[in-house]
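> Supplied in structure tokens, the structure appears directly below.
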Amino acid sequence: MEVEAKFVLSSDKDFEKVLEILSQMGLKAKGKRELSFWDVYLKTDNPNEAIRYRVFGDRVVRTYKKDVEKSGGLVKRVEREREVSEKEFKEEKTTRGVLLETYTKRVEYDYGDFKLTFDSVVFEGHTNMLFAEVEGDEEDIKGVVESLVSRGFKTENRSKLRIGLEIKGGKA
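Structure, rendered in structure tokens:
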């Protein structure tokens, strides 16, 4: 089960504040990596489910997501991932149809017990939004989330798919 908390940020400086807060908590990243990728969300019959294909150059990863619970700023979901061929991606894309496409530049920090990401996401080629996400075991991230909230950051329960569809003016 994936557990995460998402925060919408107004600028890069907000993310610098997040890093500063974690440092003040005595937490240090063990590693950092930068990624960029395309996400293609496909149509599903259930609004609580999502099928996302993430394209990293010539590598394609299919992810099935289903929300289980949202409470206290945390989102719990079932998430299953597997690498697929470009052929499988194109076939399912044609069969289901595309809901939304995004392009993301990500900086990912590994804190051992949890992961922190900073995403710059372009929705439908024109609307850019910034996100910080804390992901890991519920007990490991609860204190981090509480600390960020106590410092003025607000959790966002909507998925990037939901946000993108609202920007686009459509429905899931």
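Numbering-wise, our numbering puts 120 at position 124 of the sequence shown, and it's gapless, one number per residue. We put the beta carbon where it would ideally sit given N, CA and C, even for glycine.
My understanding is that residue 114 touches residue 103, with C-beta atoms under 8 Å, so please give their C-beta distance in whole angstroms.
Residue mapping note: residue 114 aligns to position 118 of the sequence shown, counting from 1. Residue mapping note: residue 103 aligns to position 107 of the sequence shown, counting from 1. With a Cβ gap of about 5 Å, residue 114 and residue 103 count as contacting.
> Looking at the structure shown, is residue 40 part of a helix, part of a strand, or coil, going by DSSP?
If you number the sequence shown from 1, residue 40 lands on position 44. It is coil, neither helix nor strand.
> For residue 168, which residues of its own chain have a beta-carbon under 6 Å away from its beta-carbon, when the five flanking residues on both sides are left out?
Position 172 of the sequence shown holds residue 168. Unreliable placement is indicated for residue 168, whose pLDDT of 45 sits below 50; no coordinate value is reported for it.
> So, using beta-carbon positions, are residue 1 and residue 130 closer together than 8 Å?
Position 5 of the sequence shown, counting from 1, holds the residue named residue 1. Position 134 of the sequence shown, counting from 1, holds the residue named residue 130. Cβ atoms of residue 1 and residue 130: closer than 8 Å.
> Can you tell me whether residue 15 is helix, strand or coil according to DSSP?
Here residue 15 refers to the residue found at position 19 of the sequence shown. In this structure, residue 15 counts as helix in the three-state DSSP scheme.
> Under a Cβ-count criterion, where at least 16 other Cβ atoms within 10 Å of its own Cβ denotes burial, should residue 74 be classed as buried or exposed?
In the sequence shown, residue 74 corresponds to position 78, counting from 1. The residue in question, residue 74, is exposed, as its Cβ has fewer than 16 Cβ neighbours within 10 Å.
> Please report the straight-line C-alpha distance between residue 15 and residue 91, rounded to a whole angstrom.
Position 19 of the sequence shown, counted from the start, is the residue given in the question as residue 15. Position 95 of the sequence shown, counted from the start, is the residue given in the question as residue 91. C-alpha separation (whole angstroms): 42 Å.
> Please name the residue in 20, 13, 70 whose C-alpha comes closest to that of residue 153.
By 1-based counting over the sequence shown, the position of residue 153 is 157. Taking only the C-alpha atoms, the option nearest residue 153 is 70.
> Give the DSSP-derived three-state secondary structure of residue 159 in the structure shown.
Along the sequence shown, one-based indexing puts residue 159 at 163. Residue 159: helix per DSSP, three-state reduction.
> Which residue's Cα is closest to the Cα of residue 21: 146, 150, 125?
Within the sequence shown, numbered from 1, the residue matching residue 21 stands at position 25. The residue with the shortest Cα to Cα distance from residue 21 is 146.
> So for residue 149, helix, strand or coil by DSSP?
Locating residue 149 in the sequence shown gives position 153, where the first residue counts as 1. Reduced to three states, the DSSP call for residue 149 is coil.
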